[in-house]
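Below you'll find the structure, written out as structure tokens, and then a few comments.
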Amino acid sequence: MMDTLLKLLLEILKHYSLFITILILVILGFIYTFFYMLLHPEKVQKWSVLFLYFINWLTKKAARRIVKNDIEGRVNEFAKEMNREIPSLELVGISVQWVPKNETEEQFFSENRLVIRMRKHTNQNKNFVFASMIFVSKVMLKKVKRYLSPSQKDSIDLYVMKTLLEKKKKTAMDFFFDEYFSPIVNSNDKIAELVEKYNIIDKTGLFYPIFIQEMRFLGEKVFYKSKKIKSFIINEVKKFIDFLNRYAEREIGEKKIPKIFTGIYLRCGIMIVAKKQKVGKDIEPFLAYIKKLNKQEIENIYILGPYKKENVKFVKEIANKAITRFNFSKYKEKRYSAEIKNRYGERVRVNTFLILLRNFNTVKYYDKEYQAKYMSIPSDTESLANPKEGSINGQ
Amino acid sequence: MSFSKRLPQILEKSNIKAIHDEDLKDYLVKLGQLKKIKRGKVKCYFCAEQITLENLHSIFPLSGDIKFVCDKKECIRKLSKLLDDGKVPL
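Sequence order for the protein chains is D and P. Residue 311 in the working numbering sits at position 311 of the first sequence, and the numbers go up by one each step. Residue 39 in the working numbering sits at position 39 of the second sequence, and the numbers go up by one each step.
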């Protein structure tokens, strides 16, 4: 596209003067900026905050707008990025609505809503943390959180808040850590343990692409809530976290680790395509493995490999063949940076490529009738959710 | 990159009702609560700590009463739980 643009510019320059060419460029720039701002209002809000600080210094009339734009711009940008990262996550953004100046007590009761106090923008870190905590607890994985334990829920919220602040408002991190994160984690061993595991899983780049993604899928499956089911799901999610944590501690070349998770609700597999001797060679062993996973009713297969030209091409070839042969769909592909352990146990940063294949035929919706007919949940819920080792020719 | 990925995302928004510090006192006067707060008669719904203009985090209606929440982390967590359970509408 850049080549085409350059050629076009050179053509214009040949026929018109430099002044006209620059004028055309400026007009095109304005048009591009206009449409960009129209399509990315959250970025405009974020950038406008600096300008608003200046306006407020001059006029003292932009205080509310600073608070509003800063929160909305950053949180909504984060929500959009998460939605791109995890298709179907469908995070909603936030809009800060100021209480009308003439709202009466009667209107307060008839509206029947929570009113959050926003401090002056000199305390914007506090405002941001308070608003974001509401956002994360209310909109993140809303459906599945009903089935999780309090420590699982709280730990996910804490971790996502940490990510939000790291990416969008680093200046607020100290406040968040001092006032909320550290005290909560230090006073609750279960939450501390879970957050530690999420950290390790996130180092290998799998917290959002796999864990949060699977939680999203789980939320779409479960409709019927009972104490027994909830207890079962809590246990299965616990085992799934341990499975991902064990995988995240894997060293390059380590073969004997579980790569398939076969729970009742969570059924996914991780397939690594990385060995130099195998990449670009015979595709059939990989497809045979996918066929085996398909027979086991594995719903989601995460194919991972280094982000290198030949590797990416090979992974895409495997995925395309799996799509035509075994009725999978490509749900997403992404490139990300991960820290994985080398043979000496040291973490090294690598660029990784991931394709998620999803078999829609194996997805089941567990309503009351389905459970009564097909599932007998044992009273000993420890015995279920059985992570297995998996290998392709010993890979 | 496929065309669908280039399409802009239209983000649905959840509204958060908020009161700015500059308007807080007037608002509390309209709700008939400012004098009570200054006299120390208003307590946090969760921890029963005295609510002041400094530690006030949020206000919500419940069963015909006005409830206040302080900015302690435990109270904000409990508020989040009520929000999750739908007992306090956002």
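C-beta atoms are modelled at their ideal positions from N, C-alpha and C, and glycine is treated no differently.
Query                                                                                                                       : Result
Continuous alpha helix (DSSP H) stretch holding Gln45(D): start and end                                                     : 41 to 59
Rounded C-alpha distance that separates Lys316(D) from Phe181(D)                                                            : 40 Å
With 16 other Cβ atoms within 10 Å as the buried cut-off, status of Phe286(D)                                               : buried
In DSSP terms, what Gln97(D) is bridged to                                                                                  : Lys17(P)
Among Ile241(D), Lys308(D), Pro209(D), nearest to Val273(D) - alpha-carbon criterion                                        : Lys308(D)
Closest residue to Arg216(D) among Lys145(D), Lys60(D), Ile355(D), Val312(D) (Cα-Cα distance)                               : Lys145(D)
Sequence-distant residues of the same chain with beta carbon closer than 8 Å to Leu34(P), five excluded per side            : Lys25, Leu28
Cα-Cα separation between Thr52(P) and Tyr247(D), rounded to whole angstroms                                                 : 50 Å
Coarse secondary structure for Ser226(D), derived from DSSP in three states                                                 : coil
8 Å Cβ cutoff, Ser58(P) in contact with chain D                                                                             : yes
Residue nearest to Glu346(D) in terms of C-alpha spacing, selected from Ile252(D), Ile283(D), Ala62(D)                      : Ile252(D)
Sequence ranges, beta strand (DSSP E) only - wholly within the region 274 to 308 of chain D, length at least 3              : 300 to 306
Cα-Cα separation between Asn188(D) and Lys81(P), rounded to whole angstroms                                                 : 17 Å
Minimum Cβ-Cβ distance from Gln9(P) to chain D less than 8 Å                                                                : yes
Own chain, CB closer than 6 Å to Thr21(D), minus 5 neighbours either side, in chain order                                   : Ile12, Leu13
is_contact[Pro183(D), chain P] using C-beta, thresh 8 Å                                                                     : yes
Local Cβ density within 10 Å of Asp157(D), reported as buried at 16 or more and exposed below that                          : buried
Alpha-carbon to alpha-carbon, Lys221(D) and Glu369(D)                                                                       : 14 Å
Same chain, Cβ closer than 6 Å to Arg335(D), five either side skipped, listed in chain order                                : Tyr307, Phe353
Residue-level contact to chain P via CB, Leu114(D), 8 Å cutoff                                                              : yes
Counterpart residues of Asp157(D) in DSSP-defined beta bridges                                                              : Its beta-bridge partners do not exist; DSSP assigns none.
Proximity test, Cβ basis, 8 Å: Ser14(P) and chain C                                                                         : Among the chains of the structure shown, chain C does not appear; the protein chains present are D and P.
Closer than 8 Å to chain P by CB, Thr163(D)                                                                                 : no
Within-8 Å CB hit, Glu49(P) to chain D                                                                                      : no
Cβ shell of Arg250(D) (< 6 Å), same chain only, five flanking positions each side left out                                  : Ile257
Backbone secondary structure at Thr4(D) - three-state DSSP                                                                  : helix
Test: Ile134(D) CB closer than 8 Å to a CB of chain P                                                                       : yes
Residues near Ser48(D) in its chain [Cβ-Cβ closer than 7 Å; skip 5 each side]                                               : Asn69
Start and end residues, beta strand (DSSP E) containing Leu354(D)                                                           : 347 to 358
Cut-off 8 Å between Cβ atoms - residues of its own chain near Phe3(P), not counting five sequence neighbours on either side : Note on Phe3(P): pLDDT 43, under 50, position unreliable in the model; the coordinate value appears next. Same-chain partners within the cutoff: there are none.
Nonlocal neighbours in the same chain, by C-beta distance under 8 Å from Ile191(D), ignoring five residues either side      : Ser151, Asp154, Ser155, Leu158, Ile184, Val185
Rounded separation between Leu165(D) and Lys46(D) - CA only                                                                 : 14 Å
Under 7 Å from the C-beta of Val88(P): neighbouring residues of chain D                                                     : Leu114
Supposed contact pair Phe46(P) and Lys78(P) - C-beta distance, whole angstroms, cut 8 Å                                     : 5 Å
Residue span of the alpha helix (DSSP H) that contains Ile37(P), given as start and end                                     : 34 to 38
Any C-beta of chain D under 8 Å from that of Lys35(P)                                                                       : no
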